[in-house]
Structure formats: C-alpha cells, structure tokens
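The structure appears right after this line, and notes come after that.
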Amino acid sequence: MLHDLTRVLGLWRSRWGWLIAGAIVSILAVLAGVALLAFAGRGVSEGLRTGALAGAAAGSLILLRPLIFLRPGARYFERLVTHAATFRALADTRVWFFRRLAERLPGGLGLRGAGDLLGRLVTDVEALDGLYLRALVPVTAALAVVLAAAAILGALDPALAAIVALPLALALLLPPLL
1 MLHDLTRVLG LWRSRWGWLI AGAIVSILAV LAGVALLAFA GRGVSEGLRT GALAGAAAGS
61 LILLRPLIFL RPGARYFERL VTHAATFRAL ADTRVWFFRR LAERLPGGLG LRGAGDLLGR
121 LVTDVEALDG LYLRALVPVT AALAVVLAAA AILGALDPAL AAIVALPLAL ALLLPPLL
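For the record, in the sequence shown the residue sitting at position 52 is 52 according to UniProt numbering, with numbers rising by one throughout.
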C-alpha cells in the first residue's frame, strides 16, 4: 500500500506546490478553529471565575474577534486551494494514464470493450480525489494540531505536554497500522 501511495504521489510531483499550499492553508484553518475554541473557553471560564469581564477574560475575548473572521476565511481559502490542487493532480494523472495506454496499445483499443476500459480508467482516477482531500490533508492537519498542542503545553509543563500529546499521537498513528 505504501508503494502505491508513493507511486501516486510521484505522479503528482509537478503539483507539489499546490498540494503543499493546500495542506498549509488547511493547517492554518484548523489551528484557527482550535485557537477560537481555546480563547472562547478561557474567556468564559475567567468571566465565571471572577464574575466580571476583566483582565484575562477581556484579553481572551479581544483575541476572539480576529479569529471569528479568520476561521471562515481560512476554511474557504482551504477549500479553494485544496480542490484546485486535487483537480490539477487528477488532470496530470489522467494524462499519465492515457499516455501509458497509448504506448501499450498503439493500434488503439479496438471497438470491443473500449468504453468499459475507458470508463474504468476514469473511475479509478476519480477515486484518487479522496486520497488528498480526505486522507492526506486531514491527517497532516491533525498532526499539526497535536504538535502545536504539545509545543504550547510543553512551554507550560513538559509532563502535561506528554500526558496530552502521547494519546493524541497514538490515536493519530495507530488506525492506519490496524
């Protein structure tokens, strides 16, 4: 399976810029969502603890405003970039398939079964859109969130960082191995 993945990623080599840009924008969108939740939770808990919006609660709520606008914008931009990357990569994959097919069958496909073969090729290539959009990008974003959480918590308390990051990392890495 890893061999197949590296082969597909090799086909998409000319689109690495788009693919990496999509992953980076996705990571930023996810981190903006996590920060939004963290600052909102902190603001509410500080407000409930002190009984007023003062100090840390007000600071957390002030940081919410840019995140409220950043997150939907980042999500939209993520969809735009990741889908553009996917469409470009799939176009390259189709060209590769049809070139290879033309090299192997110089006389053409013949009339019998040509439509079935071409339909199968198109379906197989279309199935690859889920590889990037539904597998590689979400796993990369989840890994970035785990690393960011570990880094932030590590600055506060390394033991706490290990307690939080280890189960998250295991939950992220174990399912593909099963």
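Yeah, the Cβ is synthetic: ideal placement off N, Cα and C, and Gly gets one too.
Nothing here was measured: the structure is a model prediction, and the numbers come from that model.
Supposed close pair residue i, residue j - CB separation, criterion 8 Å
i	j	result
Ala23	Val137	6 Å
Ala144	Val30	7 Å
Gly154	Ala161	4 Å
Exposed unless 16 or more other CB atoms sit within 10 angstroms - verdict on residue i
i	result
Ile27	buried
Arg100	exposed
Thr50	exposed
Ala15	It should be pointed out that residue 15 corresponds to Arg in this sequence rather than to Ala. Classification for Arg15: buried.
Glu103	exposed
Thr86	buried
Residue-chain proximity (residue i, chain C), Cβ-Cβ < 8 Å
i	result
Ala35	Among the protein chains of the structure shown there is no chain C, as only one such chain exists.
Whether residue i touches residue j by CB criterion (8 Å)
i	j	result
Phe97	Leu121	yes
Leu156	Thr82	no
Val8	Glu78	no
Leu61	Ala35	no
Ala32	Leu70	yes
Leu177	Ala142	no
Pro18	Ala84	Inspection of the sequence shows that residue 18 is occupied by Trp rather than by Pro. Yes, the Cβ-Cβ distance between Trp18 and Ala84 is below 8 Å.
Coil, strand or helix - residue i by DSSP
i	result
Trp12	coil
Leu128	coil
Asp92	helix
Asp157	coil
Spatially closest choice to residue i from the options, by CA coordinates
i	options	result
Ala151	Thr140, Val139, Pro175, Val164	Val164
Thr93	Val125, Glu103, Ala74	Val125
Ala89	Gly154, Ala102, Leu131, Leu170	Leu131
Leu118	Ala159, Ala135, Val95	Val95
Ala91	Leu2, Leu11, Asp4, Leu174	Leu11
Leu63	Leu80, Leu37, Leu174, Tyr76	Leu37
Ile20	Ala169, Thr140, Pro158, Leu168	Thr140
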